[in-house]
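Okay, so the sequence shown: first residue is 1 according to the UniProt record's numbering, each after it adds one.
Glycine included, every Cβ here is placed at the ideal spot set by N, Cα and C.
To start, the structure under review is shown below, and the notes come after it.
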Amino acid sequence: MEKKEYKAGDQVFVIYRNPHTPNVANITEAEIVPHPENEQEMAIFLHESYHLLAEDDAVYDTYEQAEEKYKEIFDYDQYQ
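Given below as structure tokens:
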């Protein structure tokens, strides 16, 4: 999947790992915003925090796209 150039105000869905429980991940809605410390950079505003938007972030335009990738990554049935 080709990475999209996001702009401030875009609503996105991200696959987000719980920092307190690393083996737990969820699909969460977030917003793309200017980074508060450098407005030239875009950030993901998620759970009342800013996360600098990085090239390898799991960011998707729709819930369905995020869910498809989530199932691909975390589908443990394929290994049984």
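> So what's ALA30 in DSSP terms, helix, strand or just coil?
Replying inline: Here residue 30 refers to the residue found at position 30 when the sequence shown is read from its first residue. Note: ALA30 maps to strand in three-state DSSP.
> Is the Cβ-Cβ distance between LEU52 and GLU41 less than 9 Å?
Replying inline: The residue labelled residue 52 in the question sits at position 52 within the sequence shown. The residue labelled residue 41 in the question sits at position 41 within the sequence shown. Contact flag set, yes.
> Nearest-angstrom Cα distance between PHE13 and GLU31?
Replying inline: One-based indexing of the sequence shown puts residue 13 at position 13. One-based indexing of the sequence shown puts residue 31 at position 31. Take the alpha-carbon of PHE13 and the one of GLU31: they are about 8 Å apart.
> With which residues is LEU54 paired in a DSSP beta bridge?
Replying inline: As a working mapping, residue 54 is identified with position 54 in the sequence shown. The question names Leu, but residue 54 in the sequence shown is Ala. None; ALA54 has no bridge partner.
> Relative to the C-alpha of LYS7, which residue among TYR16, HIS35, ASN26 and PRO19 is closest?
Replying inline: As a position in the sequence shown, residue 7 is number 7, starting the count at 1. Nearest option by C-alpha distance: HIS35.
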